[in-house]
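**Student:** In this note's numbering, the protein residues as written are 1 to 399.
Cβ atoms here follow ideal geometry from the backbone N, Cα and C, with glycine treated the same way.
1. Between residue 445 and residue 158, how many whole angstroms is the CB-CB distance? I'm expecting something under 8 Å.
2. So, helix, strand or coil for residue 221, using DSSP?
3. Does the structure place the segment 78-92 close enough to the segment 371-390 that three or more beta carbon pairs sit under 8 Å?
4. For residue 363, does the count of other Cβ atoms within 10 angstroms reach 16, so buried, or fall short, so exposed?
5. Would you list the residues sitting across from residue 108 in a DSSP beta bridge?
6. Going by beta-carbon coordinates alone, are residue 368 and residue 351 separated by less than 8 Å?
7. How would you write the range of the beta strand (DSSP E) that residue 87 sits in, first residue to last?
8. Can you tell me where the beta strand (DSSP E) holding residue 315 begins and where it ends?
9. In whole angstroms, give me the CA-to-CA distance for residue 275 and residue 294.
10. Measure the C-alpha to C-alpha separation of residue 215 and residue 116 and round it to an integer number of angstroms.
11. So, for residue 70: in the same chain, excluding its five sequence neighbours on each side, which residues have a beta-carbon less than 6 Å away from its beta-carbon?
12. Label residue 202 either buried or exposed according to how many other C-beta atoms from any shown protein chain fall within 10 Å of its C-beta, with 16 as the threshold for buried.
13. Round the Cβ separation of residue 334 and residue 349 to the nearest angstrom and send it over; I've been treating them as touching at under 8 Å.
14. So if DSSP puts residue 397 in a beta bridge, which residue, or which two residues, is it bridged to?
15. Ignore the nearest five residues each way along the sequence and tell me which others in residue 391's own chain have a CB closer than 6 Å to its CB.
16. Can you find the residues in the same chain that come closer than 6 Å, C-beta to C-beta, to residue 354, ignoring five residues on each side of it along the sequence?
17. What is the DSSP secondary structure of residue 336, reduced to helix, strand or coil?
18. Any idea what DSSP makes of residue 55, helix, strand or coil?
19. What residues match up with residue 283 in a beta bridge as DSSP calls it?
20. Enumerate in chain order the residues of its own chain whose CB-to-CB distance from residue 32 is below 6 Å, with the five nearest sequence positions on each side excluded.
21. Look up residue 357 in the DSSP assignment and give the residues it is bridged to.
22. Verify whether the separation of the beta carbon atoms of residue 210 and residue 233 is less than 8 Å.
23. What is the DSSP secondary structure of residue 392, reduced to helix, strand or coil?
24. Excluding the five sequence neighbours on either side, which residues of its own chain have a C-beta within less than 6 Å of the C-beta of residue 286, listed in chain order?
25. Under the assumption that residue 398 contacts residue 337 (Cβ atoms under 8 Å), give the Cβ distance between them as a whole number of angstroms.
26. When burial is assigned at 16 or more other CB atoms within 10 Å of the CB, is residue 256 buried or exposed?
27. What are the boundary residues of the beta strand (DSSP E) that includes residue 131?
28. Measuring CA to CA, which of 175, 291, 133, 302 is closest to residue 223?
29. Is any non-hydrogen atom of the ligand GDP found closer than 7 Å to the C-beta of residue 333, if you look at the structure I gave you?
30. Please confirm whether residue 93 and residue 172 have their CB atoms less than 8 Å apart.
31. Helix, strand or coil for residue 267, going by three-state DSSP, please let me know.
32. Out of 213, 290, 106, 281, which has the shortest C-alpha to C-alpha gap to residue 225?
33. Looking only at C-alpha atoms, which of 220, 343, 341, 213 sits nearest to residue 186?
34. With H, G and I counted as helix, E and B as strand and the rest as coil, what does DSSP make of residue 193?
Here it is as structure tokens:
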């Protein structure tokens with residue numbers, strides 16, 4: 001073009017090579033940054049005890065045959081959670097990342113003495129994993145719990161978010177950029193319970209709100225609101241800043257974490273199931289169930305599934321009214337059921353895994369595992385992962 005000078009050929013070659021080097025360098029930096037995050041970092045695919053009701057469709061196949069893909073002996077305890085391609089498993093004294101394809105361990109982190117168990121499954125937030133270790137040196141006030149935050153990028157301890165004499169059953173909630181947990185501290189001869197938050201990036205902990213009593217499960221979250229059900233026989237909603245939005249009495253002692261679905265908060269109690277309006281706390285319905293509800297309620301379309309505590313029956317209730325639609329006899333079942341398409345999957349203390357039509361209650365299949373299961377199941381990518389009472393991890397294809 002007129003008025004535009006062209007560089008000599010040698011200068012043009014030098015510029016081109018320089019640009020290529022810059023492009024390669026940037027690509028290497030980006031690749032290194034991605035690789036440095038570990039196999040995958042991100043939100044959990046699914047987490048039963050986080051109060052997340054959106055289980056339907058998280059695994060493939062509305063109908064199919066359950067088959068064992070692989071099983072791995074070990075010291076797993078408390079449960080597992082899926083995060084991308086990673087199966088994050090709580091184990092005695094730490095946490096391990098297993099390949100979902102074959103169960104081979106990719107990496108693990110452990111405490112110095114590897115003596116503690118795990119309270120509930122791990123929770124994942126970004127590139128951080130949180131686990132609650134139950135120390136064997138139990139105090140008179142309950143289980144001595146330590147919350148550890150571990151990096152998925154470098155597999156090192158980010159920090160101890162909390163060291164508390166007593167922790168709630170069930171474990172953690174991952175929400176926003178933080179973890180939430182209910183814990184208690186001795187004060188004047190009693191235990192003062194509270195809702196705590198732990199930053200996922202630096203493990204810094206802070207108190208959110210005081211609670212009146214122990215909670216039988218972790219908090220549940222929906223947006224900026226946290227829901228808890230405590231042993232003062234009440235469910236309540238708490239804003240992110242700690243302000244109580246509502247508190248409503250339950251019909252009996254709560255036995256499960258709250259579950260939030262379609263504007264409702266559902267709590268299993270020693271007397272049955274209660275449903276509240278998530279925004280106002282107004283009682284929507286109550287359904288008596290003999291011996292109470294032992295595992296977190298499971299929303300399933302226009303119904304909700306609960307397992308009773310003593311007779312070990314699976315009950316389907318109408319989500320709108322609480323009316324009982326049908327029951328199915330199970331074995332001794334403590335693990336919460338999961339929903340896969342139109343199937344509900346349960347597993348009992350003898351290792352019998354049942355696939356049941358979630359609409360009719362008809363038994364579709366029975367698969368017997370090598371160990372009984374009481375920890376929550378993890379589901380994703382066409383498979384289900386069970387933590388056996390003997391520490392074994394089993395991957396089951398959903399067909």
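**Tutor:** So, to answer that:
1. Residue 445 falls outside the range modelled here, since the chain spans only 1 to 399, and no answer is possible.
2. Within the chain shown, residue 221 is the residue found at index 221, counting from 1. Secondary structure of residue 221 (DSSP, three-state): strand.
3. Under the Cβ criterion (8 Å, minimum of three pairs), the segment 371-390 counts as touching the segment 78-92.
4. For the purposes of this step, residue 363 is identified with residue 363 of the chain shown, where counting begins at 1. With fewer than 16 Cβ atoms within 10 Å of its Cβ, residue 363 is classed as exposed.
5. Position 108 of the chain shown, counting from 1, holds the residue named residue 108. In the DSSP assignment, residue 108 forms a beta bridge with 96.
6. For the purposes of this step, residue 368 is taken as residue 368 along the chain shown, with counting starting at 1. For the purposes of this step, residue 351 is taken as residue 351 along the chain shown, with counting starting at 1. Taking 8 Å as the Cβ cut-off, residue 368 and residue 351 qualify as a contacting pair.
7. Translated into the one-based positions of the chain shown, residue 87 becomes position 87. Looking at the DSSP string, the run of the beta strand (DSSP E) that includes residue 87 is 86-91.
8. As a working note, residue 315 is residue 315 in the chain shown. Counting along the chain, the beta strand (DSSP E) containing residue 315 begins and ends at 313-318.
9. The residue you call residue 275 lines up with position 275 of the chain shown. The residue you call residue 294 lines up with position 294 of the chain shown. Each residue's Cα considered, the two are about 16 Å apart.
10. On the chain shown, residue 215 is found 215 positions in, with the first residue counted as 1. On the chain shown, residue 116 is found 116 positions in, with the first residue counted as 1. The straight-line gap separating the alpha-carbon atoms of residue 215 and residue 116 is approximately 21 Å.
11. Here residue 70 corresponds to residue number 70 of the chain shown, with the count starting at 1. A distance below 6 Å between beta-carbons, with the five flanking residues on each side excluded, links residue 70 to the following residues of its chain, in chain order: 102, 103, 395.
12. For this step, residue 202 is matched to residue 202 along the chain shown. Label assigned to residue 202: exposed.
13. Here residue 334 corresponds to residue number 334 of the chain shown, with the count starting at 1. Here residue 349 corresponds to residue number 349 of the chain shown, with the count starting at 1. Rounded, the Cβ-Cβ distance is 7 Å, consistent with contact.
14. One-based indexing of the chain shown puts residue 397 at position 397. Answer is 67, 383.
15. What you label residue 391 is simply residue 391 of the chain shown in a count that begins at 1. Within the same chain, residue 391 has close Cβ partners 74, 75, 76.
16. To locate residue 354, count along the chain shown from 1; it is residue 354. The residues 346, 366, in chain order, have a CB closer than 6 Å to that of residue 354 in the same chain once the five nearest residues on each side in sequence are set aside.
17. Here residue 336 is taken as the residue at index 336 of the chain shown, counted from 1. Collapsing the DSSP output to three states places residue 336 in coil.
18. Here residue 55 corresponds to residue number 55 of the chain shown, with the count starting at 1. Since pLDDT at residue 55 reaches only 38, below the 50 mark, its modelled position is unreliable, and the value read off the structure follows with that caveat. In the structure shown, residue 55 sits in coil (DSSP, three-state: anything other than H, G, I, E or B).
19. Here residue 283 refers to the residue found at position 283 of the chain shown. Its beta-bridge partners are 276.
20. Taking the chain shown and counting its residues from 1, one reaches residue 32 at position 32. Annotation note: pLDDT 33 at residue 32 (below 50); position unreliable, coordinate value reported separately. A distance below 6 Å between beta-carbons, with the five flanking residues on each side excluded, links residue 32 to no residue of its chain.
21. Position 357 of the chain shown holds residue 357. DSSP, once it has assigned bridges, lists 343 as partnering residue 357.
22. Residue 210 sits at position 210 when you count from the first residue of the chain shown. Residue 233 sits at position 233 when you count from the first residue of the chain shown. Cβ atoms of residue 210 and residue 233: not closer than 8 Å.
23. On the chain shown, residue 392 is found 392 positions in, with the first residue counted as 1. Correct three-state label for residue 392: coil.
24. Translated into positions along the chain shown, residue 286 becomes position 286. 251, 274.
25. One-based indexing of the chain shown puts residue 398 at position 398. One-based indexing of the chain shown puts residue 337 at position 337. Between the beta-carbon of residue 398 and that of residue 337 there is about 14 Å, and that puts the pair past the 8 Å contact cut.
26. In the chain shown, residue 256 corresponds to position 256, counting from 1. Buried, since its Cβ has 16 or more Cβ neighbours within 10 Å.
27. For the purposes of this step, residue 131 is taken as residue 131 along the chain shown, with counting starting at 1. 128-134 is the extent of the beta strand (DSSP E) around residue 131.
28. Residue 223 sits at position 223 when you count from the first residue of the chain shown. Per the Cα distances, 175.
29. This structure lacks the ligand GDP, and indeed carries no ligand of any kind.
30. Sequence index remark: in the chain shown, residue 93 carries index 93 (1-based). Sequence index remark: in the chain shown, residue 172 carries index 172 (1-based). Between residue 93 and residue 172, the CB-CB gap reaches or exceeds 8 Å.
31. Position 267 of the chain shown, counted from the start, is the residue given in the question as residue 267. In the displayed model, residue 267 falls within a strand according to three-state DSSP.
32. For this step, residue 225 is matched to residue 225 along the chain shown. It is 281 whose Cα lies nearest to the Cα of residue 225.
33. What you label residue 186 is simply residue 186 of the chain shown in a count that begins at 1. Residue 213 is the option with its Cα nearest to residue 186.
34. For this step, residue 193 is matched to residue 193 along the chain shown. Looking at residue 193 - three-state DSSP - the assignment turns out to be strand.
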